[in-house]
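Mapped onto the UniProt record's numbering, the consecutive letters of the sequence shown carry residue numbers 1 to 501.
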Amino acid sequence: MEEKKPLLKMTGISKSFPGVKALEDVNLTVYPGEVMALLGENGAGKSTLMKILSGVYTKDTGKIEISGKEVNINGIKESEKLGITIIHQELSVLPNLTVAENIFLGNEKVNKGTRAIDKKLEAERAKAFLDQVGCKIDPNVLVKDISVGEMQMVEIAKALTKNTSVIIMDEPTTALTDVETRKLFEVINNLKSRNFAIIYISHRMEEIFEICDRITVLRDGKFVGECSIKDVDNDKLITMMVGRKIEDQFPYKKVSEGNTVLEVKNLSCKGKIENVSFKVMAGEILGVSGLMGSGRTELAKTIFGEYKKSSGEIFVEGNKVNINSIKDAIKSGICYLPEDRKKEGLILGLSVAENMTIANIKSYENSFKSINKSAELKDVEDYIKKLSIKTPSEKQIIKNLSGGNQQKVIIAKWLLLSPKVFIIDEPTRGIDVGAKKEIYELLNELKSMGKAVIMISSDLSEILGISDRIIVMNEGHLSGELKREAANQESIMKLAVGLNN
Ligand SMILES: Nc1ncnc2c1ncn2[C@@H]1O[C@H](COP(=O)(O)OP(=O)(O)OP(=O)(O)O)[C@@H](O)[C@H]1O
Ligand SMILES: [Mg+2]
1 MEEKKPLLKM TGISKSFPGV KALEDVNLTV YPGEVMALLG ENGAGKSTLM
51 KILSGVYTKD TGKIEISGKE VNINGIKESE KLGITIIHQE LSVLPNLTVA
101 ENIFLGNEKV NKGTRAIDKK LEAERAKAFL DQVGCKIDPN VLVKDISVGE
151 MQMVEIAKAL TKNTSVIIMD EPTTALTDVE TRKLFEVINN LKSRNFAIIY
201 ISHRMEEIFE ICDRITVLRD GKFVGECSIK DVDNDKLITM MVGRKIEDQF
251 PYKKVSEGNT VLEVKNLSCK GKIENVSFKV MAGEILGVSG LMGSGRTELA
301 KTIFGEYKKS SGEIFVEGNK VNINSIKDAI KSGICYLPED RKKEGLILGL
351 SVAENMTIAN IKSYENSFKS INKSAELKDV EDYIKKLSIK TPSEKQIIKN
401 LSGGNQQKVI IAKWLLLSPK VFIIDEPTRG IDVGAKKEIY ELLNELKSMG
451 KAVIMISSDL SEILGISDRI IVMNEGHLSG ELKREAANQE SIMKLAVGLN
501 N
């Protein structure tokens, strides 16, 4: 590799936003045919650096070279012309257009005679590009009817229609199933062999070790280092990212269990879950495991009143509750933090503080119906500190926060409602290693406060690391229950695929 010339070289890049120095003197060098991981904690500057490269932002200072030639990137079109394609943290396909229309958007070939787009020809050309990424979908279907994994393939196919040489993937696997992730890795390896350069951003350590050749690490907007993946192990990588050692990634804490807080009896939701029964005690974290599509989220949403149950009963602290809506659930002391927190939980134009207290604003009202601002501010500041939310102030508009920091605000929002039962879906998705531990400590704190916590997670080490008890779902059924002491990777996987030990 050393004799090759870099395809992309960024040196001394800096960028400030009002009140934030997002990047300071950052370097990034990428060779053709390699996957370069771009790593760092939430808010480290990864997305900002990539937005500079793709023309969304302009740099304040620094130099960008492509194949040895210095370039100026002003705008997305220019970046594309230089062969750079970005697949954003939030996908940018248009749901109401077809797959083929998305692939050729802005790049349509018009029939010279009729001046119309030849739809049939476009579909055929789209198919050829989809074939290159091994994607079998019909180019004529609407994008809103395909899966997230397929949308990603559409974005990659779209990149291939252009004269692309650098493909940036910003947290590509956060919404993918295991099978889709495997597929994406196959495509990445294929792109590598065709000499594309790939810049890969992810918070999932196993992925980095599996798919990346080299790493570049940022911390607080600064360049920490660059090396071959072979020269680091997990601990070293974490230390580079966080700036200190993280001992004990999963801080388990035993709390003496109290009474049953939530009991679910024979709960069914037509076509989604069937006859699920379990209990959660005060001071307990119940882990919910299972493969993607096994009904974990459906179970949560049925308890939370978002899906209408077809039969079964729910008890909170021994009293039967009637849940027909989300409002009923919240009133009964149940809260649910969705996995797709950005889509379901944020108002992008409002501030960090407003987003955090929006669901709980009534609790700050005094008898004259005016808001006790200082009490509100105290809570907000408290959680900014507790969850290490990186923001210049509580007044910052939430859309300016990094992806991971937005997630933390939503977690704080629900914590402020102080429910009795706390259902949290994929609590650490998109969250960096350091903040993960803080979230686990917070869940432990909820335990100490006597709350019942239900944690749904695809991350087996997280399930094993912090649950007191584990239930496993398979095809909408509960396939088994394991005590912390009896649970291991194998016993969970057996249940997850439907083998009752
Ligand atoms: N448009 C903006 N206006 C103001 N501040 C911004 C803007 N975009 C990013 N920032 C700030 O710049 C810093 C770097 O953010 P960036 O999105 O690059 O982080 P990241 O490394 O991608 O983090 P994550 O892993 O959470 O996605 C953060 O402090 C963020 O709040
Ligand atoms: Mg980001």
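Here a beta-carbon is modelled for each residue, glycine too, at the ideal position from N, C-alpha and C.
Query	Result
Under a Cβ-count criterion, where at least 16 other Cβ atoms within 10 Å of its own Cβ denotes burial, should E2 be classed as buried or exposed?	Since pLDDT at E2 reaches only 49, below the 50 mark, its modelled position is unreliable, and the value read off the structure follows with that caveat. Exposed is the call here.
Within 7 Å: the Cβ of D25 and any heavy atom of ligand 2?	no
Would you kindly report the start and end of the unbroken alpha helix (DSSP H) that includes K158?	148 to 161
Can you give the beta carbon distance from M292 to D178, rounded, assuming they're within the 8 Å contact cut?	6 Å
How many angstroms separate the CA atom of K413 from the CA atom of M356?	4 Å
What are the boundary residues of the beta strand (DSSP E) that includes F422?	421 to 425
Check each candidate in V255, V26, S311 and name the one with the smallest Cα separation from D468.	V255
Would you check whether ligand 1 has a heavy atom nearer than 7 Å to the C-beta of K331?	no
Could you check the C-alpha separation between G106 and P139 for me, to the nearest Å?	17 Å
Counting C-beta neighbours from all protein chains within 10 Å, is the total for L499 16 or more, i.e. buried, or is it exposed?	exposed
Would DSSP call Y440 helix, strand or coil?	helix
Going by the CB atoms, is the gap between T391 and V352 shorter than 8 Å?	yes
If you compare alpha carbons, which of T98, I423, S202 is closest to G43?	S202
What is the C-beta distance between L49 and L28, in whole angstroms, given that I count them as a contact (C-beta under 8 Å)?	7 Å
Is the beta carbon of K5 sitting closer than 8 Å to the one on G68?	yes
Any contact of the region 449 to 463 with the region 354 to 372, i.e. 3+ C-beta pairs under 8 Å?	no
Look at the alpha carbon of V232 and the alpha carbon of A300, and state the distance between them as a whole number of angstroms.	39 Å
Looking at the unbroken alpha helix (DSSP H) that takes in M240, where does it start and where does it end?	234 to 242
Need the endpoints of the alpha helix (DSSP H) that M493 sits in, please.	489 to 496
If you draw a straight line from the alpha carbon of V78 to that of I52, how long is it in whole angstroms?	Here the sequence assigns Glu to residue 78, which means Val is not the residue at that position. Whole-angstrom Cα-Cα distance: 12 Å.
Using 8 Å as the threshold, is the C-beta distance between I471 and L286 below it?	yes
What does D170 pair with, by DSSP beta-bridge criteria?	I201
For K279 versus T260, is the C-beta spacing smaller than 8 Å?	yes
For the region 378 to 391 against the region 331 to 338, are there 3 or more C-beta pairs whose distance is under 8 Å?	no
Where residue 508 and E313 are concerned, what is the direct C-alpha to C-alpha distance, given to the nearest angstrom?	The chain is shown from 1 up to 501; residue 508 falls before or after that span and cannot be answered.
Quick check on A487: buried or exposed, where buried means 16 or more other Cβ atoms within 10 Å of its Cβ?	buried
Determine the extent of the beta strand (DSSP E) in which Y336 is found, giving its start and end residues.	334 to 337
My output table needs one value for I347: the three-state DSSP class, helix, strand or coil.	coil
Whole angstroms are fine: how far does the CA of L237 sit from the CA of D25?	21 Å
Indicate the three-state DSSP secondary structure (helix, strand or coil) for G465 in the structure shown.	helix
Report the partner residues of K21 according to the DSSP bridge assignment.	S16
Take the Cβ of V288 as the centre, count every other Cβ of all protein chains shown within 10 Å, and call the residue buried at 16 or more, exposed below.	buried
Residue 548: buried (16+ other C-beta within 10 angstroms of its C-beta) or exposed?	Nothing in the structure corresponds to residue 548, since the chain is present only between 1 and 501.
Do T48 and ligand 1 come close, with the Cβ less than 7 Å from some heavy atom?	yes
Whose C-beta lies closer than 7 Å to the C-beta of T161 among residues of the same chain, with five residues either side of it excluded?	I103, F104, N107, F129
Look up A123 in the DSSP assignment and say whether it is helix, strand or coil.	helix
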